[in-house]
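J.: Sharing a structure, written as structure tokens. Questions coming.
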Amino acid sequence: MRVFDVCGTLYNSNTTFDFILEYHRYRNNKVRSLYLMILLSFPCKVLNKLKLFSIRKRMIATLKGEEKKHLANYSEKFVTDVLSRKEKKIPMQLLSSDKDSSLLISASIDPVISAIAEHLNVRAYSSLLEFDAHNKCTGRLSYDLKGVKSEKIDTSNVDLVATDNMTDIDIIKHSKIAYIIVNNNNKQKWEGFLLQHKVDLSKVIFI
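Count the sequence shown with this note's numbering and you get residues 2 to 208, in order.
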């Protein structure tokens with residue numbers, strides 16, 4: 002099995018945040034779009050970092066009342082019109098080299114990840130939006146994959162993992178090869194983190 006994270010790994014995008022922003026713009030939801038800009042302001046980001054405030058939770062809440070079919074339909078447009086310009090070349094090449102054994106696993110919301118999986122022709126697991134009996138979003142998640150990705154797969158059967166998330170350490174530790182997506186500022190931090198968790202650096206490739 003070959004496991005791929007999505008946000009920051011296959012795409013230079015926080016797909017949940019970008020999708021919600023673009024969805025409200027597309028639907029001309031001006032008040033919600035303005036609210037999202039406030040949520041993404043510096044003061045809110047500070048509160049979020051201090052864990053006094055969850056930007057993610059509040060952004061998802063702005064989808065309350067939106068119809069499931071509208072979210073699904075726009076997700077296809079989002080993948081082709083927005084994400085296609087944010088693809089990361091090397092991770093995408095890795096994925097394309099063996100799609101049959103590849104799996105996307107992301108804490109992003111399911112309309113986006115389902116559309117990406119269909120576009121790339123691979124399987125996927127994601128967080129799930131909650132919908133009411135009328136197929137309208139409640140603004141909440143019915144299942145959150147954040148921090149628990151390893152629970153969805155057999156970690157003893159992972160040949161390759163590609164990720165930029167330290168929270169994927171359980172999968173990294175068990176994978177035969179780990180591709181870690183880094184930038185100039187965090188490679189050293191990653192090396193220390195991996196050594197702290199007793200990961201053999203000889204199996205790690207930084208990209």
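Virtual Cβ for every residue (Gly too), placed ideally from N, Cα, C.
Give the C-beta separation of LYS65 and GLY148 to the nearest angstrom, bearing in mind that I take them to be a contact with Cβ-Cβ under 8 Å.
T.: As a working mapping, residue 65 is identified with position 64 in the sequence shown. As a working mapping, residue 148 is identified with position 147 in the sequence shown. Contact flag wrong, Cβ pair sits at about 24 Å.
J.: Could you give the DSSP three-state label for ALA116: helix, strand or coil?
T.: By 1-based counting over the sequence shown, the position of residue 116 is 115. Three-state DSSP puts ALA116 in a helix.
J.: In the structure shown, what three-state DSSP assignment does GLU88 receive?
T.: In the sequence shown, counting from the first residue as 1, residue 88 sits at position 87. Strand.
J.: In three-state DSSP terms, what is ILE182?
T.: Stepping through the sequence shown from its first residue, residue 182 is reached at position 181. Coil at ILE182, not helix or strand.
J.: Looking at the structure shown, is LYS147 part of a helix, part of a strand, or coil, going by DSSP?
T.: For this step, residue 147 is matched to residue 146 along the sequence shown. Residue state, collapsed to three classes: coil.
J.: Do LYS199 and LYS174 come within 9 Å of each other at the CB atom, strictly closer than that value?
T.: Along the sequence shown, read from residue 1 onward, the residue named residue 174 stands at position 173. Along the sequence shown, read from residue 1 onward, the residue named residue 199 stands at position 198. A contact, by the Cβ cut-off of 9 Å.
J.: Please report the distance separating the alpha-carbon of GLU119 from that of ILE208.
T.: By one-based count along the sequence shown, residue 119 stands at place 118. By one-based count along the sequence shown, residue 208 stands at place 207. Distance between the alpha carbons of GLU119 and ILE208: 26 Å.
J.: Less than 9 Å separating the beta-carbons of ASN166 and ASP6?
T.: Counting from one through the sequence shown, the residue named residue 166 turns up at place 165. Counting from one through the sequence shown, the residue named residue 6 turns up at place 5. Against a cut-off of 9 Å, the Cβ pair of ASP6 and ASN166 comes out as a contact.
J.: ALA73 to ALA134, Cα distance in whole Å?
T.: Your numbering for residue 73 matches position 72 in the sequence shown. Your numbering for residue 134 matches position 133 in the sequence shown. C-alpha separation (whole angstroms): 17 Å.
J.: Can we say the segment 48 to 59 touches the segment 78 to 89, given the rule of at least three CB pairs closer than 8 Å?
T.: Too few Cβ pairs lie closer than 8 Å, so no.
J.: Taking DSSP as the reference, what is the three-state secondary structure of VAL162?
T.: One-based indexing of the sequence shown puts residue 162 at position 161. Here VAL162 sits in strand by DSSP.
J.: Rounded to a whole number of angstroms, what is the C-alpha to C-alpha distance between PHE194 and ASN136?
T.: The residue labelled residue 194 in the question sits at position 193 within the sequence shown. The residue labelled residue 136 in the question sits at position 135 within the sequence shown. Near 43 Å, if we compare the C-alpha coordinates of ASN136 and PHE194.
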